[in-house]
Structures are given as structure tokens and as C-alpha cells.
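Student: This is the structure, below, for whatever I ask next.
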Amino acid sequence: MQEHYEPAAVERAAQDYWTEQRCFNTVEDPSRPKYYCLCMYPYPSGRLHMGHVRNYTIGDVLTRFMRMRGYNVLQPMGWDAFGLPAENAAMANGLPPAQWTRENIAHMKRQFQSLGFAFDWQRELATCDPSYYRWNQWLFLRMLERGIAYQNTGIVNWDPIDQTVLANEQVIDGRGWRTGALVEKREIPMYYLRITAYAEELLQALQALPGWPERVRVMQANWIGRSEGVEIAFPYAPDAAALLGAAGALKVFTTRADTLFGVTFMAVSAEHPLAAAAAARDPALAEFVEQCRRGSTMEADLATAEKRGHSTGLHVCHPLTGQQVPVWVANYVLMAYGEGALMGVPAHDERDFEFAARYQLPVQTVVVPDAGAAPPASGQFTEYGVTVNSAAYSGLSSTQAITAIAAALKAQGLGQPRVQWRLRDWGISRQRYWGCPIPLIHCPGCGTVPVPDEQLPVVLPENLVPDGTGNPLNRAKDFLQCECPRCGGAARRETDTMDTFVDSSWYFLRFACADQQAAAVDERVNYWLPVDQYIGGIEHAILHLLYSRFWTRVMRDLKLISLSEPFSNLLTQGMVLNHIYFQQGNDGRRVYVKPADVSSKTDAQGRRTATVSLLDGTPVSYGGLGTMSKSKNNGVDPQSLVDSYGADTARLFMMFASPPEQTLEWSEDGVQGQQRFLRRLWKAVYDHGRAPARATVPLAKWSDEALRLRRQAHQTLAKVTVDIGRRRTFNTAIAAVMELLNSVSRSSGEHAGELQARHEALEIAVLALAPIVPHICHTLWQALGHERAIIDEPWPEPDPAALQQDTVEMVVQVNGKLRGKVRVPAGAEEPVALELALAEPAVRRFLADQPPRKVVYVRGKLLNLVV
RNA sequence: GGCCUCGUGGCGGAACUGGUAGACGCAGUCGACUCAAAAUCGACCGGGCUUGCCCAUCUCGGUUCGACUCCGAGCGAGGCCACCA
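Residue numbers (our numbering): 262 to 1128.
See below:
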């Protein structure tokens, strides 16, 4: 063994061993319990960033830990390889997205390998490979057959100059990011997946996911958004019936049927048929509807927009009083929720109140806080209370009134209770090139025809370079022109591609059988799934995780798999933050300075007093902590970290700096501290190897010092087992091993028992750290005299005998305050403990000769005397 | 606006089920080694004073023998959703 720790050589040796021995090639083995550990696969953007390193280190530690615990562990890796950034890079470099993507994959794969992650590369997949996306197409066709996929029109952001559809993030202040043109809303045909058909199940099943963080479940529940309410029909008054040429009714949905008698107007969305009909004969109204159409599709803008409206001049009849109510078109009514229309109750709804105030519509109070109470002076009361001015329904609680009014409406055929969901169907069409082609053909004679299964995959041409003006597939004749599968005539291929969330909705299933050419999935899915531990960023809490839960259920209903929930346990790791520094530029804008180019001065207590630029010595302002980003110039390239300190130090820092769910603060000093620890560990093993135990002596002859070290070693082992295995607090596990190493370094006895105790403590330290820093442990394990590689060692069990103690330290409190510590026999009864406690001078002093009024005893731990 | 999470030394954090507040690490101070520095090793490291006690976990209340932990109110920070009728 070398005297000095050289990470590069150590890491190469370990990685070569794992590769030669094919340690991470996984096969199904029914004789062992399986463990499927999965990290969210990355987008191949070019280089790994710190967030990746953190994410994949967490997964790798759990993988290696569970492997040592005897599980057959699968940890696959793949590439979320379709998507917009490849098109943007293509425009910037003139390279086809395919080439750019594949080069990135090759580079990132090398980076993964240099970090020593235990991935089974046999199962690698990239979503841009036809062997993967053909099954997207196949599954889409099955959904189409069952009506789970369907066509409808959808509204998109349209850039009129580039003649292209923009993603929401490409719309900046209402203008196209490239052209600066005002973005329009356009209605185009799109394909949707009927996720709403699964709303109830997706919501209910959240309760049966104890392995998911509470806040992710809450976020999904809010997103699905179940509301119980009443659907109410307001029959057309003669003017509306005349315009529309038929009798009928305006339907609304409300959760507050108890406020029905407070309706003073009706409001419909600008896209509502009634609005269109009224606009046809009213140019001013038509202009207002057009304005709404042009407005931003960004929901955040809508929320802050002023409430505006325009009267239709039409009326409907109140279903219970028959009174005529005017109908307005209002910009705050969403076509996609409920009926695209609402009943306006200004007295009991904030938004209706604001609208009514603007257009001087009456406010009619029908609910008061308590029986006999006056309405609030503001005229607004939005909570539940007691009904008034509501004819036969006055004097009821809001809940009672809702039930009674719903029943009355139902009896007249004018309404019924109903559940309304916030969740909408998932539009999967993207008017983009770099994605999975939707397998449809448009025939002038037969209409839209599905591509027959035997013609799958519809292969995406890989040689196109987008230029920002529309989808290049529309100009690719070889792709575009085809035969109609039904009539054989000339036809045109669909050029829309699928949302990349489709790719990620089932890739975790495909890993179980990535080599299967004849089907999307096979029986191996039933061996590996569900994913036992899924790890990724909180930003996927809603969309990716909800779509995956939906897609898994669809595949279940297609009888392809037998599970409903894909991910049993979910860990959402926190973001990696770094300090932000800036200087004021000449034009008054902030110029961000790299943290590495900044030097901080501190006072005697270590507080930061001033920061200056290392480049020119000028003062620098501190901008707090933020996620690593190009724009803030505070990113740190993981590659430079691995190059300077090695993969083990990088991994150890990531795991030690904070618990996995919390944000992690980058610190160069902290990294050096972790390297220091690894050097100390190396040196401890090296020094120990130079004075090996010559003889073995039985435990009975060990010194107290040796037994104490042995106890601590086994306590550490027990703690690390719980911290990694159950609590997932890798930081405290590492801290415990650090304490153990501190004790080893302090112990100096040269007797055989003491040497043995140190040997055992070092073995336990190395085994306990093996999942976290596998390379150094590979070498140290050999240095401790083992033939078998540590990767194949089982996780050790703590020896209960080592944990046993004859006497334990007991805390003595007087009135709940610590007043002394005494050693008592382990498991001592209360009288014994009390007698020993009363012998303590400090305790006696605080008792001041009074007998304790009450004694609280926690066996072997604590004694509280109350006087 | 709604929902959620979190407030502990100079900093990251620990205290797992209500039981010794500040483990472990970073930064800092002092010392050893060195011609010197780096590295390494050792000691100290929340505040106060009367040196064995008092005060300290955002603030104010409450429950309890005992509260960082539970409950109520407030303040502050962050996240998600956002005109969802």
C-alpha cells in the first residue's frame, strides 16, 4: 500500500475491476429479493451539472448499500434525448439535433463512468432511438383504438413571423423569443390523452403512497383538483332563444349553490358559443371577444389582469324565481373549466364583486355569518354562513342550503350535483421536429388513418437542421409523402411529434427489458417493477410523476402489465446552490463575478467583513445564495471537481453537506474538508498496516480502551445501517464514521487486543463508507488483508454483545434542569437509580434537603426530581 | 389570493418517538513542527458574569415533571398553484 492517497490511481483501479468483473450487469433472479433503484434520467445537454452529481450519487449510495444487504439491485441509466434544446443548439451550430444529442450522450456517459456509478449499461436506452420510440407509437395507437387518445382543437402560442408554435417559455412579455413579434393564440388540431378519465383513481391512490413525500402528494392532489358542486341550467329568456333560434339553457357549475338567490348577472367566456352568437350582431362585442383572443395565454398574466367584460344584451331566467338575469362576456371566465360560464354572485365571490363594481351591477346579499347577523359593511362575505333573502331556502346553513337547492333543481330538471375536476386532458401534439413522430397519415379520401403496426416505427429523419421557421418535417418530402394504408393513394404523413413527457412516462418499464425487440414490455417487468426507490428533482413533482402514474394505469388496462403505481418510494432531492457575487457595471447593470474569483475577509469570529475581486482587487457585492446558473456566473463544473479531488471526494461532499431533501450549499472549503477526511482514513489504515496484530487474544483479555473502541465501532455500524437504510440521512451516517475514525486516531495502545480493536474499527469504517466512497474503500479493503473485493462483501451486522454495557450514564435533572450525570448499572430499577442520584453533591444542593415531590424515571437514561 | 415547507452558533448542519441543545464538518484563534510558508498534528471555539451558575433553538402565549420537538397567535424566508366559479 502506498503511503499517500492518490485518488486518480485508486479510482482507475477500482473502476477497471468493476468493468472487468462486470459487477453491475443485472439479471433476473427469483431466488433473491429484488431492489429497483432509479434516478430520473438526464436530458443530454452536453455536460453533467452539480444537480446531476447529487442526484446520481444518492441513487448510487442506495444501490450499493442494498446490494451489500443481499438484494438483487437494478440501477439502469438512459437518456431523455428528444426535446427543444437540441433544436436550439442545431440552429446555433448548424448541426442536426441527432448528431449533437449523440455526441452529448457519449461525453456524459464518460463522465458518469468517471464518477463510479454502478449503472447496468446493458440496459441503456435513448428515447431518440427508433427501438424505443416505436413503442411510444405502438402504445399511442392502442390508446387511439380505445378512445384514450383522441383529436380535438387546442390553443397554442403562434409566432406570426416564424410561422411556428412557441412553447410557453419561448414567449417573453407576450412576444416571440426570436422574432420579438406579438404572439397570437391559434386554434389547431391536436391529440389528447384522456387523463381526466383516471382523475378519481389518480387522486384516491395518492393516499396509498406512504413512500412519497407529503408535499408531493399534496401538490398532485391540488393539481387534480376535485370540487363538488352543482350544475345549474338557466333557461334562455325570449331574447336569447330568439337569437339562437331555439329554446335552451345556459349551464353553469358552482360550488356555492347556496348563493343562487344572490345571482345578479351571468358571465360567459369569450370562447363560449353564446358569446360568438351575440358578437355576430354586435360589432363592439365582437371587438371585445377579439381582444380576449389576442391576449396572453400565460396563466400568471391572466390572474393579474383587470376584470373586463361586455354585455351581450341577452338574458336568461333564474331557475327558481324566473327573474331575468343579464348575460355578460367576461375575460375572467375560463372556457376549459366547468361549463365555460358562471353565475355572478357579487355579494359572495371576490371576483364577481370586482366585476360588478366595475360595471355597476347590483349586489344582493343572501348569506350572512350567523342567523340574524347583518351583512359585512364591505358588502362581501365569501364564507359559509346562514342563508337570507332566499325564499323557501332562507335560514338554512350553507351546507343545508346547497343540498336543498340541488334537490329542488333536480326535481325541475334544471340541475344536479356534480364533481368537477381541475385536471384537463393531456395535449401531446408538438409542432416540433426533434420528437417522436405521431403515427398517423392524412389521406385526401380516407381522412386520418393510423399507421399499421407492421409499418412501425415511423422513423424520424435525422439529417434535418431546423432554422426556427416552422417544423422542418413539413419540408422533408421523403418523410412527408406516403401511401394511404387504407386506399393506397398518395397521402401526407402527420408532422406533429409527441410531447417529451410521453417518452418519460414509461421508460422505467422499458429498463426491465430494454433488449426486447418484439414488444414494448415483457414478463421481466413483473419481476423488477415497481421501482422501489425513485430519486429526482422536486420540479417533476406534478407533471412527470402524474403522467407516469396515468400511463402505467393505461398499460395496466391494456393488459400489458399488472401494476398500477410505478414508484413505491420517492425521494426528491434538493437543489445545489452557490454564492452569488456581482459588481455594478458602467451601464448600471449587474456584472456577476465567479465565486472562485472572489476573496472574502473575515473578522476574528470568522464573520465575513468584505469581499474583493481577485482579478483587480475592487470590492464585490454579495448577492446571497442561488441555484448554479450561467446567468449568475456561479456554476461549478463537476468535471473540474473530479479532476482536482477525485470522484470519492465529490461524492462524499455531496452526501455530507446536507440531508438529501434539503438544498445543498456549494463550498470549496467544504470539499477540501472531505478530502482531508479521506486522507486521514487512508493514513489510519496505512499506519495500522505497519503495526499489525501478531497474535489474537480473546475478548475477555481486552483492555477497557479496546472494548470501548469495539463498542463504538458496532454502535457506529448500527447507526449507519439505520441512517442509510431507513432515514436516508447520509450526512449523519458519515458524521458517525468520522467520530469513529477520530477515536481510532486517538487510541494508541499497542497490546494485541488494542490492535485488534483498531483493526475491527477500521474494517467497519471502510465497510460503512463503501457505498458512499467506493473507490478508496476498494483499495483500503485489500490493504486490510482481504482477498474478496469489497463490492462483494455483505453488509455486516452489529454484534449485540459488543453493544452491551454493565453501567450506563444517567442524566439527573431537578425540576427538568440538568444537574448531574451518574453512572448506574444498565437496566437499574428506580430505587437504585434514585439512591445513586441523591449521592451526587450537585443534585443534593439543588434539592436543598426537600424530599422530591415527584420522581420521573426513564430507565437507564434520565431521572427527574421535582420539588 | 390559495395550499405547503422551513426559521437552532460566524456558516452547513446534529438532537430519530417530548428527555444532556449545538454531534460532525467548514471558517476562525492559539500552540507544536519549520529558517519560513504550505501540509500535518494538538488545544480552544453560542452569550454573560461573581467559575458554577444564569441566559440562549424567530417572537408572544399555552400543554407538560420536562418543549428545538406538541398546540394557538404573530413575524420572517422559501416552494408550488394561481381568476378553477
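Beta carbons are placed, not taken as given, at the ideal position from N, Cα and C, and that holds for glycine.
This structure is a prediction, so every number in the text was calculated from the model and none was measured.
(1) In this structure, how does DSSP classify Pro337 when only helix, strand and coil are distinguished?
(2) Rounded to the nearest angstrom, how far is the Cβ of Ala608 from that of Val624, given a contact under 8 Å?
(3) Given Leu831, which residues of its chain have a CB within under 7 Å of its CB, disregarding the five upstream and five downstream residues?
(4) Quick check on the DSSP output: what are the complete alpha helix (DSSP H) runs of length 4 or more inside the segment 485 to 513, in order along the chain?
(5) Could you pull out every unbroken alpha helix (DSSP H) segment of at least 4 residues lying fully inside the segment 970 to 1019, listed in chain order?
(6) Report the CB separation of Met1129 from Ser690 in whole angstroms; it is logged as a contact under 8 Å.
(7) Would you kindly work out how many angstroms separate the C-alpha atoms of Met338 and Thr813, rounded to a whole number?
(8) Less than 7 Å between C-beta atoms, sequence neighbours within five positions excluded: which residues of the same chain meet that for Pro920?
(9) Counting only runs of 4+ residues fully inside the segment 741 to 829, write out the alpha helix (DSSP H) ranges in chain order.
(10) Does the Cβ-Cβ distance between Val881 and Gln844 come in under 7 Å?
(11) Determine the extent of the beta strand (DSSP E) in which Val649 is found, giving its start and end residues.
(12) Would you identify the three-state DSSP class for Leu622, choosing helix, strand or coil?
(13) What residue range does the alpha helix (DSSP H) around Cys553 cover?
(14) Skipping 5 residues on each side, what residues in its chain have a beta carbon closer than 7 Å to that of Arg1080?
(15) For Ala458 and Ile799, I'd like the C-alpha separation in whole angstroms.
(16) To test your reading of the DSSP string, which unbroken beta strand (DSSP E) runs of 3 or more residues are found completely within the segment 1048 to 1081?
(17) Where does Met559 sit, in a helix, a strand or coil, going by DSSP?
(18) Within its chain, find whatever has a CB closer than 6 Å to the CB of Lys862; leave out the 5 residues flanking it on each side and keep chain order.
(19) To which residues does DSSP link Arg315 through a beta bridge?
(20) Taking the Cβ atom as the reference point for each residue, do Ser860 and Leu875 lie within a distance shorter than 7 Å?
(21) Under the assumption that Gly688 contacts Tyr453 (Cβ atoms under 8 Å), give the Cβ distance between them as a whole number of angstroms.
(22) Between the segment 752 to 765 and the segment 774 to 783, do at least 3 Cβ pairs fall closer than 8 Å?
(23) Could you check the C-alpha separation between Gln976 and Ile995 for me, to the nearest Å?
(24) Taking a contact to mean a Cβ-Cβ separation below 7 Å, would you say Trp279 touches Ala781 in this structure?
(25) At which residues does the beta strand (DSSP E) containing Arg851 begin and terminate?
(26) Measure the beta-carbon distance from Leu402 to Pro700 and round it to whole angstroms, keeping in mind my assumption that it falls under 8 Å.
(27) Would you kindly report the start and end of the unbroken beta strand (DSSP E) that includes Thr425?
(28) My guess is that Pro718 and Gln398 are in contact by the Cβ rule of under 8 Å, so how many angstroms apart are they, rounded?
(29) Enumerated in chain order, which unbroken segments of the alpha helix (DSSP H) with a length of 4 residues or greater are wholly contained in the segment 668 to 719?
(30) Can you have a look at Glu560 and say buried or exposed, based on whether 16 or more other CB atoms are within 10 angstroms of its CB?
(31) Determine, using beta carbons only, whether Thr287 and Leu335 come nearer to each other than 7 Å.
(32) Determine the DSSP secondary structure at Val322, reduced to helix, strand or coil.
(33) Leu356 by DSSP, collapsed to three states: which one?
(34) Does Asp858 come out as helix, strand or coil in the three-state DSSP assignment?
(35) For Glu926 and Val854, what's the separation of their Cα atoms in angstroms?
(36) By how many angstroms is the C-alpha of Tyr598 removed from the C-alpha of His579?
Tutor: To lay it out plainly:
(1) coil
(2) 5 Å
(3) Gly472, Trp473, Pro474, Val477 and Tyr795
(4) 499 to 505
(5) 991 to 1007
(6) Since the first residue shown for the chain is 262 and the last is 1128, residue 1129 is missing from the structure and cannot be characterised.
(7) 19 Å
(8) Thr990 and Asn992
(9) 761 to 764, 768 to 771, 785 to 789 and 804 to 818
(10) yes
(11) Premise fails: Val649 is in no beta strand (DSSP E) and is neither H nor E.
(12) coil
(13) Pro544 to Arg555
(14) Val1073, Gln1074, Ala1103, Val1104 and Phe1107
(15) 26 Å
(16) Along the segment 1048 to 1081, the beta strand (DSSP E) occurs as fully enclosed runs of 3 or more residues at 1068 to 1075, listed in sequence order.
(17) For Met559, the predicted structure reports a pLDDT of 41, less than 50, and the residue's modelled location is therefore unreliable. A value from the coordinates is still provided. Three-state result, Met559: coil.
(18) Excluding sequence neighbours, Lys862 sits near Thr870 and Ala871.
(19) Answer by DSSP bridge pairing: none, since Arg315 is not bridged.
(20) The criterion of a C-beta distance shorter than 7 Å is satisfied by Ser860 and Leu875.
(21) 5 Å
(22) no
(23) 13 Å
(24) no
(25) Arg851 to Val854
(26) About 6 Å; that satisfies the 8 Å criterion.
(27) The continuous beta strand (DSSP E) containing Thr425 extends over residues Thr425 to Leu427.
(28) 6 Å
(29) none
(30) Summary for Glu560: the model assigns pLDDT 40, below 50, so the residue's position carries little reliability; its value from the coordinates is reported in the next sentence. Exposed, since its Cβ has fewer than 16 Cβ neighbours within 10 Å.
(31) yes
(32) Taken through DSSP and simplified to helix, strand or coil, Val322 comes out as helix.
(33) coil
(34) helix
(35) 18 Å
(36) When rounded, the distance between both Cα atoms is 22 Å.
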